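In terms of the numbering used here, the sequence shown opens at residue 49 and continues consecutively.
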Amino acid sequence: MILFPAIDLKDGQCVRLQLGDMAAATVFNSNPAGQALSFERQGFKYLHIVDLNGAFAGKPVNGPAVEAILAAISMPAQLGGGIRDIGTIEDWLGKGIRRVILGTVAVKNPTLIKDACRRFPGRVAVGIDAKGGKVATEGWAEASELSAIELARRFEDAGVAAIIYTDIDRDGILQGLNIDSTLQLARAVKVPVIASGGLASMADIEALLAPECALLEGAITGRALYDGRIDAAAALALIEARGKAR
Numbered sequence: 049m050i051l052f053p054a055i056d057l058k059d060g061q062c063v064r065l066q067l068g069d070m071a072a073a074t075v076f077n078s079n080p081a082g083q084a085l086s087f088e089r090q091g092f093k094y095l096h097i098v099d100l101n102g103a104f105a106g107k108p109v110n111g112p113a114v115e116a117i118l119a120a121i122s123m124p125a126q127l128g129g130g131i132r133d134i135g136t137i138e139d140w141l142g143k144g145i146r147r148v149i150l151g152t153v154a155v156k157n158p159t160l161i162k163d164a165c166r167r168f169p170g171r172v173a174v175g176i177d178a179k180g181g182k183v184a185t186e187g188w189a190e191a192s193e194l195s196a197i198e199l200a201r202r203f204e205d206a207g208v209a210a211i212i213y214t215d216i217d218r219d220g221i222l223q224g225l226n227i228d229s230t231l232q233l234a235r236a237v238k239v240p241v242i243a244s245g246g247l248a249s250m251a252d253i254e255a256l257l258a259p260e261c262a263l264l265e266g267a268i269t270g271r272a273l274y275d276g277r278i279d280a281a282a283a284l285a286l287i288e289a290r291g292k293a294r
């Protein structure tokens with residue numbers, strides 16, 4: 049299992065939101081590149097970046113901060129937020145992003161997902177953000193009637209590298225992952241699923257390492273890591289130990 053530390057960018061700073069509310073942002077670091085380097089030095093192997101302003105604007109906004117992060121680290125990074133066309137995908141992959149995450153466009157322009165997967169095999173993921181089981185778009189500002197599983201199944205044969213599933217009802221409030229809904233999605237499709245939203249403690253890490261969660265590619269941790277509720281060294285050591293035991 050891969051544990052992805054999250055860097056959410058708002059106005060060039062590293063922040064965390066509560067329940068996807070841009071007005072409820074807590075600044076954790078004004079130097080995102082320094083934060084990314086710190087994560088790498090702690091032993092993390094893959095970084096998760098979100099351009100929050102970009103998710104609302106529909107185009108990249110925190111480009112300079114993302115580029116500074118890429119210049120500072122050697123570990124791979126995946127990026128979501130404001131990526132809505134082939135040109136932007138190509139630009140970010142060319143700048144060193146390992147994998148792009150397409151969210152809103154997956155609902156509004158599904159043909160683009162299939163085209164991107166053909167052009168950039170293994171480097172396109174879909175971000176599915178759900179509230180009450182229904183997909184939300186435009187930085188979570190718009191709700192749809194589409195279920196997370198319905199959307200995931202649309203892209204199962206398109207060559208999507210992974211699905212990042214975020215339960216908005218749990219995001220940033222430290223109440224624990226919604227493992228049941230995440231596993232329900234993972235069992236419904238053949239695409240690897242990454243859990244996001246609500247990871248709160250080492251108990252959640254333990255739960256993710258249970259045998260039934262073996263089909264998950266990994267999980268994203270944000271606020272709990274910044275708050276110290278999850279100790280990076282202990283979490284990574286536990287994941288490594290369990291991996292060797294399997």
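For glycine and all other residues, C-beta sits at the position ideal for the given N, C-alpha and C. Small disclaimer: the values here were computed from a predicted structure and weren't measured.
{"Query": "Contact check, alanine 73 vs leucine 85, beta carbons under 7 Å", "Result": "no"}
{"Query": "Same chain, Cβ closer than 6 Å to alanine 280, five either side skipped, listed in chain order", "Result": "Gln90"}
{"Query": "N-terminal and C-terminal residue of the alpha helix (DSSP H) that alanine 101 is part of", "Result": "Alanine is not the amino acid found at residue 101; the sequence shown has asparagine there. Here the alpha helix (DSSP H) through asparagine 101 covers 100-105."}
{"Query": "CA-to-CA distance, aspartate 56 to isoleucine 117, given in whole angstroms", "Result": "12 Å"}
{"Query": "Spatial distance of isoleucine 221 from aspartate 275 (CA atoms)", "Result": "The predicted model places isoleucine 221 with a pLDDT of 45, which falls under 50 and marks its position as unreliable, so this point remains unresolved."}
{"Query": "Local Cβ density within 10 Å of isoleucine 134, reported as buried at 16 or more and exposed below that", "Result": "exposed"}
{"Query": "Short CB-CB distance (under 7 Å) between glutamate 115 and chain B", "Result": "Protein chain content of the structure displayed is limited to a single chain, and chain B is not contained in it."}
{"Query": "Expected contact under 8 Å - CB spacing of leucine 273 and proline 53 to nearest Å", "Result": "6 Å"}
{"Query": "Touching by the beta-carbon criterion (3+ pairs, under 8 Å), the stretch 243-263 and the stretch 225-232", "Result": "yes"}
{"Query": "Residues bridged to alanine 178 [DSSP beta-bridge criterion]", "Result": "Val183, Asp215"}
{"Query": "Alpha-carbon to alpha-carbon, glycine 266 and glutamate 254", "Result": "13 Å"}
{"Query": "Where leucine 284 falls: helix, strand or coil (DSSP)", "Result": "helix"}
{"Query": "Valine 208 beta carbon less than 7 Å from that of cysteine 261", "Result": "no"}
{"Query": "Those runs of the beta strand (DSSP E) which lie wholly inside the stretch 87-172 and span at least 3 residues", "Result": "95-99, 125-128, 147-150"}
{"Query": "Nearest to asparagine 110 (by Cα), restricted to the options Gly128, Ala120, Val172, Lys93", "Result": "Gly128"}
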